[in-house]
Structure formats: C-alpha cells, structure tokens
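In mature numbering (1 follows the signal peptide of the UniProt record, and there is no 0), the protein residues as written are -19 to -1, 1 to 541. Note that beta-carbon positions come from the ideal geometry of N, C-alpha and C, so glycine has one too. Take a look at the structure below.
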C-alpha cells in the first residue's frame, strides 16, 4: 500500500494555528546602497544527506507516508551565525544557508521573538521568492514555508531607535529532495517545469473538475515532520451543523498519528495549490502559493478509539480532526465540505487529492462504493473504490494523497483515504477510504475519538448536511428589526413539518431556500401562522425569510 504506510517522518503541520501572517515589503538589503554593505554575507554550507541511504529508506518507507525532505539539526541564531550591518538608520542581520542540490529548503525554529519595529524576511538566491515581513504582529513562527532552491537567505531589519533585541533560533533545516517541484517551479530561473505526478493523473482544471469547484476549494496539501524527516499528506475543510465556519480539518491518522495539540505545532497547510491548466506541465510557471497556515488544535482521532495488531494496519477508520485557531487563516474562496455519515455510500463521485506532494488532482469513479477492510484491521470500516477512465486520463492516488476526501454523487464527503493499491500502471486496483459513518459515534468513544461532537456541535441529530462557502456570515445572516414582532419557528430541527407562528399582520411573502440559494418553498399569506412540509427535501440547513411591509426576518431551519 503506497499511500497509507510509512512510520512517519514528516510532521510539519498543526498546534497553535495562524496564517503565515506577513506584511509584505522588501528587505533593506534590496536597496542599492545597502546591498553594497551586505553583499559579502557569510555562507553556511550544510552537508547534503546521503541520498543512496535516503532512496533505500524510501523504497520501504513509501508504503506508509510519503517523505519529501530530510530534517538537518542545527543551532543557528543571531548570536552565533550570520552577519550584522548598519545602513543608515537600520540594523541588518543576514544569514545564508546552503545545502547542495536541494529542490527547496525549509526552516523549523526553536525560538522566535520580533520586537515592535522589527521585520524578518526569507528569500531564495534569485530573489524571485520573498516571504515576510514577519513582525511583532506575527504569532510565534515555529515553521516557515519552503523556499525554492538550495540556498536560503534570512534577513532581519530593525531601526536603530529600537533597543529591544530580537530572538531567532533555527533548530532544523529541511532538505526537500522530491514532491515539491510544482510548488517551487514559479520561483526558478527558467519557466518550464514538467509535472512529476504519475502521467495518468487528472488536473482539477480539466473538464472532470467542472462540476466540483467547491469541493476542489476544500482540499489542502500539507507537510509535517517526524523522526528526522518531512512528509506530505492531503486533507480537507469540513462544515459543521452550526455553519459557523469553524476551520475544521479532516485528514488521516497515519499521517503522523497525532493525538494532542502539541503534535500539530509545526504542520504547514497549503491552500489552493493547483495548476490552472488541464495538461500537467503544459504551461509554466505554476501559480504562486495563494495561502499558507501553520499549526492547529487537536480535536479527535481514531487512535483514541481503536487499536492495531500490527504495523500494516491503521487505527479503525484512520481519521484525525483538528482545527485552525482562526478562520482568518483561510483563503477567501475556502469551502467547507458537506458530509454524509449515514452509511449510504455512493453510486458515483470523485476523489480530490495531492499525489506525491504535487498540485491538486481529481479521480473519478462510476461504480458504487463497496464495503471493505483495510489490511486485516477493523472489519467493514472502509469504502473500497475502483477508479474510472475519463476524457483526460485515469485518475488514481499516490503517496501524499492520504487523508484526502472521497465525495458521493451529491458532492458530500463519505470517507477519507487510508491507502490502496491503485497506480497508473495498475488502474484497476482499488483504494480504501475510512467511512465517516463508522467514525461518527463508535462504541465506547468520547469526544476525542469520534466526529459527532465536532461536526454536530448543536446536537441536532443530523448525519447529512451540504457544504458552505467562506465566509459563512454571507449565508447565515439573521435579520430582525428592533422592536418588531419576531415570528417563531417550531419544531426546529424537524423531520419535515415546520410551523411558523406569531407572524405580523398584513400580507407577507415567506421563502425557504437551501444554502445554495435554491428556492424550495414560497408563499404569500395574510395569516398569522403557516406550516411547511419539507419531507421530500434532503436533510440539512435551510433559510426561512419572511418579508413584509414592515421588515425582513431570516431564520435558520434544520431538517433532520
């Protein structure tokens, strides 16, 4: 099984969460006058990993998690490395690090503090990629997104008038050697960078993705580190019954086997990492990364409910749920997936994922999901899927696809990828996705070992809801004019019959719409009480709007 097994070396992703918040601008050394002063900054050369040993380890290790980098321990700080300069009214500290032949370099910090007025930047050799400025308003920076090439420069600028000292200590330098080509290609000195995912894979910009744009916007690529290495997996944003845009992220437990918040401190999440073209590598450069976030809070994991009997198994359904600390750490077009935990499966649908750490792909199935068991583990806890050939290829999954969602014919998540045996050279082999229905409320589980408490925080009893776009306030705004009689809606939730009472006098129009804006029911009445029958509508959240000459009132309806 390629995508589900490998002890795990790559744990760069979830703890206290923040967007990689920066404030733009250019490093002081980019100014011509300053460049003359700082151009001779010392270069620290780190020893390149033994790639023969790395390749041998990966031949075995790729069976579990897909490693993309080796973490090199260092202890580099403003006190023991780099050079200090003064240019005009600014102090400048620069540190250059090189690891020969790296596709990209990443940093993990042991300490970080920037006083007010200070600015920290990082950039590649040709200055095409510059991140920062990180300032006193940036939360603790324990991980930094990858920088293209085998050389990285870290630069700190501070006005001479600021006397407080900055603290910046690098604990590890990540040597990325594969699986990052698409992300860093835009920053290289030449334009064309061929795609490295297997040739049969289908870009999300192809026609196969046309009817799944919301779902595509939910899927996340991320990195994590463990055991001296860096790895990649996939994940997705999930809606809850409150529709409050809580930034809940669902992924696979075997991607790091995390069971507490501290495990997620250094995870880095990459949003909207996808090629705008259908043909892989047909045009370049790839789009620049649109958004990154670091860290998250642990919420629940199948590891807290089930055990394994051998190293080839996963914990139950193999799910982990964590949450970013703020929805501000999300791009504007983020989408929160709807889900179906009824156990109904699917007759057709798609999977969206990041194979081998590369840009987003879509795989299609046209045959009903089957119940399966993963490597002799929990019986019947997974969906078995066989992928179908489509006009642009024959999408499958690879290492790095683990944790990605599978969607039913209604675009709802019914499972997440544990692993499988599909390849471009074996497109007829199946993959296995842990069932949401089994993860929902397993026997003996508490809130740290099931999804129910987090996806249904209002305890509505719903096991199926549609997704919602960002920001949720655009969909769920409730309007009631002050000192105007407020209508009452009951029962709510309901299995089908809703009553609306205490309506204002006179004519009013009452509409019921789903969260996609589709009109479900409409009536004009002068009555003080009306009834709606939604028995034939799907379970989920609907919006009831009452419009009269005096005011407009909007209420949320939950059909269970």
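Quick one: give me the first and last residue of the beta strand (DSSP E) that residue i is part of.
i	result
residue 497	Segment: none, residue 497 is in no beta strand (DSSP E) and carries neither H nor E.
residue 39	Here residue 39 belongs to no beta strand (DSSP E); instead the alpha helix (DSSP H) covers 32 to 42.
residue 135	132 to 140
residue 334	330 to 334
residue 12	Where residue 12 is concerned, there is no enclosing beta strand (DSSP E), given that its DSSP letter is neither H nor E.
residue 114	111 to 115
residue 127	124 to 129
residue 105	100 to 105
residue 487	Where residue 487 is concerned, there is no enclosing beta strand (DSSP E), given that its DSSP letter is neither H nor E.
residue 29	Here residue 29 belongs to no beta strand (DSSP E), and DSSP marks it neither H nor E.
residue 302	300 to 304
residue 344	342 to 346
Is residue i near the ligand ADP, judged by its Cβ being under 7 Å from some heavy atom?
i	result
residue 538	By its list of ligands, the structure shown contains no ligand whatsoever, and the ligand ADP lies outside what it can speak to.
Relative to the C-alpha of residue i, which residue among the options is closest?
i	options	result
residue 91	77, 75, 115, 54	54
residue 235	242, 246, 251, 215	215
residue 253	515, 164, 231	164
residue 333	471, 194, 293	194
residue 348	331, 117, 359	331
residue 225	285, 324, 308	308
residue 68	295, 11, 57, 204	11
residue 112	88, 94, 98	88
residue 23	41, 5, 74	74
residue 34	51, 429, 311	51
residue 377	181, 240, 323, 228	181
residue 390	321, 159, 29, 132	321
residue 541	485, 109, 437	437
residue 527	497, 21, 137, 486	486
residue 142	415, 99, 326	99
residue 147	532, 101, 294, 278	101
residue 286	420, 498, 145	420
residue 244	303, 200, 186	303
residue 258	190, 204, 313	190
residue 57	154, 117, 95	154
residue 361	104, 423, 222, 442	423
residue 345	183, 489, 280, 238	183
residue 128	77, 93, 490	77
residue 21	499, 532, 134	134
residue 491	162, 497, 511	511
residue 310	295, 402, 227, 388	227
residue 502	31, 249, 479	479
residue 418	535, 156, 393	393
residue 588	19, 49, 371	Nothing about residue 588 can be read from this structure; the chain reaches only from -19 to 541.
residue 213	42, 31, 108, 524	42
residue 482	489, 488, 470	470
residue 388	108, 324, 6, 534	324
residue 157	144, 250, 79	79
residue 328	350, 342, 317	350
Strictly by DSSP, which residues pair up with residue i?
i	result
residue 365	351, 413
residue 50	157, 211
residue 609	Outside the modelled stretch of the chain, which goes from -19 to 541, sits residue 609, for which no answer is possible.
residue 482	469
residue 401	412
residue 475	540
residue 453	Its beta-bridge partners do not exist; DSSP assigns none.
residue 407	404
residue 321	445
residue 535	526
residue 396	387, 416
residue 184	342
Could you spell out the range, first to last residue, of the alpha helix (DSSP H) harbouring residue i?
i	result
residue 165	162 to 165
residue 512	No alpha helix (DSSP H) holds residue 512; the beta strand (DSSP E) holding it covers 511 to 514.
residue 436	433 to 436
* Segments assigned beta strand (DSSP E), at least 3 residues, entirely inside the segment 214 to 297 -> Here the runs fully enclosed are 229 to 233, 249 to 252, 272 to 275, 278 to 282.
* Counting Cβ pairs, one atom from each stretch, are 3 or more of them under 8 Å apart for the segment 119 to 128 and the segment 59 to 76? -> Segments in contact, no.
* Asked: Counting pairs of beta carbons, one from the segment 350 to 366 and one from the segment 469 to 479, are three or more of them closer than 8 Å?
  -> Taking a cut-off of 8 Å for Cβ pairs, the segment 350 to 366 and the segment 469 to 479 do not touch, as fewer than three such pairs fall below it.
* Asked: Using 8 Å as the threshold, is the segment 330 to 345 in touch with the segment 378 to 394, meaning 3 or more CB pairs across them?
  -> The segment 330 to 345 is in contact with the segment 378 to 394.
* Curious, which full-length beta strand (DSSP E) runs of at least 3 residues does the segment 61 to 87 contain? -> Runs of the beta strand (DSSP E) lying entirely within the segment 61 to 87, each at least 3 residues long, are 64 to 68, 71 to 80 in chain order.
* Do the segment 504 to 513 and the segment 401 to 411 touch if we need at least three Cβ pairs shorter than 8 Å? -> No, because fewer than three Cβ pairs between the segment 504 to 513 and the segment 401 to 411 fall closer than 8 Å, the two stretches do not touch.
* Is the segment 439 to 448 touching the segment 516 to 523 in the sense that three or more CB pairs, one from each, lie closer than 8 Å? -> Cβ pair count under 8 Å is three or more, so yes.
* Spell out a yes or no on whether the segment 289 to 301 and the segment 412 to 422 are touching, meaning 3 or more CB-CB pairs, one atom from each, closer than 8 Å. => A contact exists between the segment 289 to 301 and the segment 412 to 422.
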